[in-house]
Amino acid sequence: DGGEGFLARAAEAELKRRQAWEEEEKEVAEELQVQRQATEAAQKLKAAWEEEETEVQEEADFRQAAMIAASKLQDAWEEEEQEVEQEMEMQRVAAVAAEKLKAAWQQEEEEVQEEAD
Numbered sequence: 073d074g075g076e077g078f079l080a081r082a083a084e085a086e087l088k089r090r091q092a093w094e095e096e097e098k099e100v101a102e103e104l105q106v107q108r109q110a111t112e113a114a115q116k117l118k119a120a121w122e123e124e125e126t127e128v129q130e131e132a133d134f135r136q137a138a139m140i141a142a143s144k145l146q147d148a149w150e151e152e153e154q155e156v157e158q159e160m161e162m163q164r165v166a167a168v169a170a171e172k173l174k175a176a177w178q179q180e181e182e183e184v185q186e187e188a189d
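Residue 136 in our numbering sits at position 64 of the sequence shown, and the numbers go up by one each step.
The following block contains the structure:
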């Protein structure tokens, strides 16, 4: 029977077409899934990279702040040393002046004593 054979071949062709279409849909779905996974991985990588960049910047900022603080501390220390040296110089000058005053006072006392004698 030619009509039944034709219908059977047409049904078989339709079945193969549907199977091919379903296979194609499955492959497309798998490709989309792979693309989604790749996109997620790329986003995670980007986020990790940005976090690392932030940490590196924070470390650089901390080092810079530490260097500034160390520089200020050194300046303050040098200023303190200078003030101590100035105070010591003033004490030396005061001691010399006191010695001169004492010597002048003793000389004055001796002169008064000599006049009294």
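Every residue, glycine too, gets a C-beta built ideally from N, C-alpha and C.
Just so it is clear, the structure is predicted and the values come from calculations on it, not from any experiment.
- Asp147 sits in a helix when the DSSP states are folded into three classes.
- DSSP places Asp133 in the helix class (H, G or I) of the three-state scheme.
- Straight across, the Cα-Cα distance linking Ala85 with Gln115 is about 44 Å.
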